[in-house]
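Numbering (the working numbering), first residue to last: 378 to 462.
Just so you know, even glycine gets a beta-carbon here, dropped at the ideal spot from N, CA and C.
Note that the coordinates shown come from a computational prediction; the quantities given were computed from them, not determined experimentally.
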């Protein structure tokens, strides 16, 4: 997701013409859980975008999540939560 937020086409920030700080960070926590149907995964992504308005950062994170090939691959299979911290 960091690559899709940063520059590079088709980066979410590049599409919106927003310059991101170099200290952008994504902390990913993946849980292996057991439910009635067996085991399943849940992901939590905490994204830090220093120097960018929280609302704008949230829009960028949402856009990057939609562009991300990993997000597309697991859509509907893994519960993913993204948070701007």
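- Taking all protein chains in view, the Cβ of residue 438 is crowded by 16 or more other Cβ atoms within 10 Å, so the residue is classified as buried.
- Cβ-Cβ distances below 7 Å link residue 461 to 424, 426, 431, 434, 435 and 438 in the same chain, with the five nearest sequence neighbours on each side left out; the list follows chain order.
- Under the DSSP definition of a beta bridge, residue 403 partners with 424.
- At the C-beta level, residue 403 and residue 422 come within 8 Å of one another.
- Within the same chain, 420 come within 6 Å of residue 457 by CB-CB distance, once the 5 residues on both sides are set aside.
- Annotation: residue 456 is outside any alpha helix (DSSP H); the continuous beta strand (DSSP E) that includes it extends over 456-461.
- The beta carbon of residue 459 sits closer than 6 Å to those of 422, 438 and 442, all from its chain and outside the five residues before and after it, given in chain order.
- The secondary-structure analysis by DSSP pairs residue 408 across a beta bridge with 419.
- Under the three-state reduction of DSSP, residue 449 is assigned to helix.
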